[in-house]
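Structure, as structure tokens:
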Amino acid sequence: EDAATRYPRKTVPNPVVPLVTPSVTPSATGPAYPIPSSWEHTASFARDMVWVEGGMYRMGCPDPASPACKWMAIPVHDVKVSGFWIARYEVTQRQWEWVMGNRPSQGGDCPDCPVENVSWDEAQAFVRKLNSLTGGAFRLPTEAEWEFAARGGNLGKGLRFSGDDTSEPVAWHVGNSSKWANRIGRKKPNELGLHDMSGNVEEWCQDWFEPYGRSAVMDPKGPASGTYRVHRGGSFIIKDIYLTVWSRGMDKPSERSPFTGLRLAASNQ
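What follows is the structure, encoded as structure tokens:
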């Protein structure tokens with residue numbers, strides 16, 4: 102059963118409108134992510150990459166008594182990440198179609214909505230083809246990078262959601278989404294200028310899932326093998342209590358979901 106059957110749309114998708122880059126200063130400034138390419142759509146991917154200055158933070162749920170702190174989000178532990186690039190927005194249906202030549206989304210024809218209904222394996226194929234087209238070095242973020250960015254990096258204020266202590270200004274969830282993914286960039290960004298890291302669609306991370314350890318780790322990348330891949334951020338179809346910056350999810354790498362998409366990351370070239 103797909104999302105269109107389960108949640109029939111009563112109105113047409115939101116019309117496509119030009120996106121306005123928010124006037125948020127990231128933790129480190131610099132040119133757009135450099136890609137040595139003449140491919141016509143290169144600028145779409147390069148201009149929205151935000152540099153995240155490296156730092157240390159407390160990863161995981163700070164309140165184990167909360168019902169939102171499932172066993173897999175504890176214990177809180179120190180993690181240090183090196184600087185990296187991450188996309189301001191989730192990959193859209195339009196961008197996926199540019200690269201892959203198809204549009205797998207189940208949420209209707211909305212080119213500037215995040216692509217969904219893609220497996221981790223398909224996300225990897227997208228990254229490989231994008232890098233082939235652009236000469237870039239895009240990838241999925243590690244789980245530790247994702248959470249650090251969602252928290253606002255070194256500019257973070259310790260907020261529950263990515264950009265606010267309440268969900269409404271920053272997140273699409275089951276209470277406000279009409280049970281569909283919404284156009285990227287319509288909610289308030291976080292401290293780094295990143296949108297939709299709480300809600301809208303779940304975002305695949307690079308890592309295999311494993312329970313958290315208890316010691317400080319530098320640039321953790323997860324185990325070498327496993328059964329499930331991590332996704333983060335929650336989606337438009339769940340309660341906002343599960344959209345916190347520390348909430349974790351997982352699925353088999355071959356599984357598709359009308360609630361799961363991706364966001365690009367990159368290391369310094």
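With the sequence shown counted from 1, adding 101 to any position gets you my numbering. We put the CB at the ideal spot given by N, CA and C, even for glycine. Since this is a predicted model, take the numbers as computed values, not measurements.
Residue burial classification, residue i (beta-carbon count within 10 angstroms, cutoff 16)
i	result
Ser-371	Residue 371 is absent from the structure shown; the chain starts at 102 and stops at 370.
Arg-148	exposed
Glu-356	exposed
Thr-235	buried
Glu-303	buried
Ser-233	exposed
Lys-353	exposed
Trp-172	exposed
Arg-107	Legend: pLDDT at Arg-107 = 38, less than 50; position of this residue unreliable, value from coordinates given subsequently. Arg-107 is exposed by the Cβ-count criterion.
Asp-210	exposed
Met-351	buried
Ser-279	exposed
Ala-166	exposed
Thr-328	exposed
Met-298	buried
Identified DSSP bridge partners for residue i
i	result
Lys-181	Met-157, Met-319
Trp-281	Paired residue(s): none; Trp-281 is not in a bridge.
Glu-304	Arg-333, Gly-362
Ala-188	Met-150
Trp-273	Gly-300
Pro-215	Thr-193
Arg-204	The partner list for Arg-204 (beta bridge, DSSP) is empty, contrary to what the question assumes.
Trp-140	According to DSSP, Trp-140 bridges with nothing at all.
Gly-350	His-332
Arg-240	Ala-366
Trp-309	Arg-330
Phe-262	Asp-265
Selection from the options that minimises the alpha carbon distance to residue i
i	options	result
Trp-140	Asp-149, Glu-154, Gly-237, Asp-213	Gly-237
Pro-321	Glu-244, Ala-133, Arg-349, Leu-365	Glu-244
Trp-197	Ala-166, Arg-229, Ser-326, Ile-339	Arg-229
Trp-221	Ser-167, Ser-348, Val-331, Arg-261	Val-331
Ser-145	Arg-189, Cys-170, Ala-174, Thr-328	Arg-189
Gly-257	Asn-291, Trp-273, Ile-338, Pro-137	Asn-291
Leu-295	Leu-365, Pro-165, Ala-224	Leu-365
Trp-152	Phe-249, Tyr-343, Tyr-329	Phe-249
Ala-226	Gly-208, Asn-203, Asp-213	Asn-203
Arg-261	Leu-231, Ser-206, Cys-170	Cys-170
Glu-61	Leu-293, Tyr-329, Pro-168	Outside the shown range of the chain, which is 102 to 370, sits residue 61, and nothing can be said about it.
Asp-266	Ser-206, Pro-205, Thr-345, Asp-308	Thr-345
Arg-349	Pro-168, Ile-136, Ala-174, Asp-341	Ala-174
Ile-136	Glu-223, Gly-334, Glu-191, Phe-239	Phe-239
Val-192	Glu-223, Pro-168, Pro-163	Glu-223
Arg-252	Tyr-134, Ala-133, Pro-163	Pro-163
Beta carbon of residue i nearer than 8 Å to that of residue j
i	j	result
Met-150	Ala-367	yes
Trp-199	Leu-241	no
Val-275	Ile-338	yes
Trp-273	Asn-301	yes
Gln-194	Pro-212	yes
Gly-208	Trp-281	yes
Proximity test, residue i beta-carbon vs the ligand NAP heavy atom, cut-off 7 Å
i	result
Val-216	This structure simply doesn't include the ligand NAP, nor any ligand for that matter.
- Is there contact between the region 169–181 and the region 269–285, where contact requires at least three CB pairs shorter than 8 Å? no
- When the Cβ atoms of the region 352–369 are set against those of the region 214–231, are three or more pairs found closer than 8 Å? Touching, yes.
- Message: Does the contact criterion of 3 or more C-beta pairs under 8 Å hold for the region 306–313 versus the region 139–158?
- Response: no
- Specify whether the region 323–341 and the region 181–189 touch according to this definition: at least 3 beta carbon pairs, one from each stretch, less than 8 Å apart. no
- Query: Counting pairs of beta carbons, one from the region 249–264 and one from the region 151–162, are three or more of them closer than 8 Å?
  - Reply: yes
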